[in-house]
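Report on the structure given below.
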Amino acid sequence: MKILISTDIEGVAGVFAAEQTRAGNPEYERARRWMTAEANAAIEGAFAGGAQAVWVNDSHGGFRNLLPDGLDARARVVLGKPRTLGMMAGLEQQPDLVFMIGYHAKSQTRGVLAHTINSFAFTQVWLNDVELGEAGLYGALAREYGAHVALATGDDVFADETRPLFPQARFETVKTAGGASSGDTLTPAAACARIAVAARETVAQAVSAGWRAGAHRP
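Numbering (our numbering), first residue to last: 10 to 227.
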């Protein structure tokens with residue numbers, strides 16, 4: 010069982026302001042630690058559930074936000090750009106399941122820090138007559154490679170808009186949006202605990218169901 014974890018920052022517990030997502034700001038340094046902690050919770054949970062290999066992909070901004078020394082040594086880390094598969098770099102390793110950690114809602118919604126790819130470039134992105142956010146777009150890419158989105162975390166708006174796209178996936182809401190830059194949130198520790206349990210149970214369920222590497226590829 011191979012797992013690819015794609016991590017963003019806007020959907021991380023405790024993150025509500027743009028300053029928390031931009032390098033060079035003291036608030037960002039704290040937020041990237043929370044991002045790293047949530048990624049690590051997913052890694053540890055995946056291994057506890059029976060994963061044999063885990064890749065974690067830094068998928069925010071310049072793709073250099075995660076702190077590798079804060080991650081479980083058993084995981085491999087995908088950092089930096091340019092890269093051909095963007096937020097799904099690591100699909101070339103043929104993972105079975107994809108986790109989306111710290112993801113956010115699509116542009117022009119009331120989700121926390123909602124946008125699609127680049128707020129200055131896109132207001133809407135459509136695929137087959139369906140407006141999609143980053144999760145929908147990159148989830149479709151994952152499926153092209155034979156991987157399934159199995160777990161996703163972020164705010165309630167993200168979960169509500171994305172759940173219909175991946176009805177078999179598990180969603181964990183770590184904060185509730187009050188608007189683009191407000192809401193209420195779990196503490197980072199509580200969010201990590203919830204993510205670790207969700208990751209463990211998601212992988213364990215796939216293993217117990219007899220999931221075999223590569224068996225579900227198109």
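Even for Gly, the Cβ is constructed at its ideal location relative to N, Cα and C.
Exercise for the section: Check the C-beta distance from residue 115 over to residue 94 and give it rounded, since I have them as a contact under 8 Å. Expected result: About 20 Å separates the two Cβ atoms, so there is no contact after all.
Practice task
Go through the region 151-201 residue by residue and report every complete run of the alpha helix (DSSP H) that reaches 4 residues or more, in order.
Solution key: With a minimum length of 4 residues, the continuous alpha helix (DSSP H) runs that stay inside the region 151-201 are 165-171.
Exercise for the section: Can you grab the Cα-Cα spacing for the pair residue 119 / residue 27, in whole Å? Expected result: 15 Å
Problem - Residue nearest to residue 78 in terms of C-alpha spacing, selected from 204, 86 and 71 - result: Nearest of 204, 86 and 71 to residue 78, Cα basis: 86.
Handout entry: Where residue 29 falls, given that 16 or more other Cβ within 10 Å makes a residue buried
Key = buried
Problem - Residue ranges of each beta strand (DSSP E) within the region 45-117, 3 or longer - result: Here the runs fully enclosed are 62-67, 85-87 and 106-112.
Problem - Distance, residue 47 Cα to residue 117 Cα - result: 26 Å
Practice task
Compare the C-alpha of residue 190 against each of 98, 14, 13 and 21 and name the closest.
Solution key: For the options 98, 14, 13 and 21, the alpha carbon positioned closest to that of residue 190 is the one of 21.
Exercise for the section: My understanding is that residue 106 touches residue 215, with C-beta atoms under 8 Å, so please give their C-beta distance in whole angstroms. Expected result: 6 Å
Exercise for the section: Give the DSSP-derived three-state secondary structure of residue 19 in the structure shown. Expected result: Three-state DSSP puts residue 19 in coil, outside helix and strand.
Handout entry: Close-in-space but distant-in-sequence residues of the same chain around residue 228 (CB under 7 Å, 5 per side omitted)
Key = No answer is possible for residue 228: the residues shown for the chain start at 10 and end at 227.
Handout entry: residue 220 in three-state terms, based on DSSP
Key = coil
Problem - Through-space distance from residue 17 to residue 109, alpha-carbon basis - result: 8 Å
Exercise for the section: Could you tell me the distance, in whole angstroms, from the CA atom of residue 111 to the CA atom of residue 165? Expected result: 12 Å
Practice task
Label residue 127 either buried or exposed according to how many other C-beta atoms from any shown protein chain fall within 10 Å of its C-beta, with 16 as the threshold for buried.
Solution key: Per the 10 Å Cβ criterion, exposed.
Handout entry: Beta carbon of residue 103 nearer than 8 Å to that of residue 64
Key = no
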